[in-house]
Structures are given as structure tokens and as C-alpha cells.
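For the numbering used here, add 176 to where a residue sits in the sequence shown, where the first one is 1.
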Amino acid sequence: MTPTSHDPELKVFRFGVICEFKAQPFEEVADLMGRYRDEVGVEHFVLFFDMPGLTQEAMDTQLEMMATEVLPRLGVTLGS
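Printed below as a string of C-alpha cells:
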């Protein structure tokens with residue numbers, strides 16, 4: 177498969193988008209997710225927080241940062 181975008185950060189394929197957020201500040205993650213949404217039309221993201229080698233504490237921290245820092249920057253609010 178070849179990317180349909182000429183932007184190297186947006187790896188867009190016919191059946192989805194591949195994106196890795198490795199140790200990036202949450203502002204950059206929110207910006208990139210927003211670009212996928214706005215420029216490509218991505219409506220759903222599948223997020224994995226249980227990457228090999230991470231401790232439970234690190235995974236919990238990543239999940240919390242996504243919920244409290246990244247998603248609000250995208251205009252997403254989670255129900256309680």
C-alpha cells in the first residue's frame with residue numbers, strides 16, 4: 177500500500193491511518209490528531225496504552241494524560 181498523502185507525518189492508507197506517538201509532548205499529539213481529523217477526515221482513533229516494556233503506572237499516566245490534556249484540546253469531553 178502506498179500513502180495517499182504527500183505529507184510524511186500523515187501516513188494515510190486506503191483502509192486507515194497509521195500513527196505512532198512515541199514520547200511526544202501532549203500538545204504535539206493533540207495537534208497531530210487534530211490534523212488527521214481536519215485534513216484527512218478521521219473520525220475514530222484506536223489507542224493502545226499497553227505497549228511492551230511499560231509499567232502499569234506508565235500506562236495509567238498515559239491514559240490520564242490522553243483524557244485530561246489531549247482530548248480536551250480536540251474538543252472531546254468524556255462522560256463521568
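We put the CB at the ideal spot given by N, CA and C, even for glycine.
Query, Result
"CA-to-CA distance, L230 to R211, given in whole angstroms", "27 Å"
"Rounded C-alpha distance that separates M241 from H220", "18 Å"
"Rounded separation between E245 and P228 - CA only", "23 Å"
"Closest Cα partner of F202 within the set V216, A243 and V222", "A243"
"Simplified DSSP state of F191, which is helix, strand or coil", "The predicted model places F191 with a pLDDT of 49, which falls under 50 and marks its position as unreliable, so this point remains unresolved."
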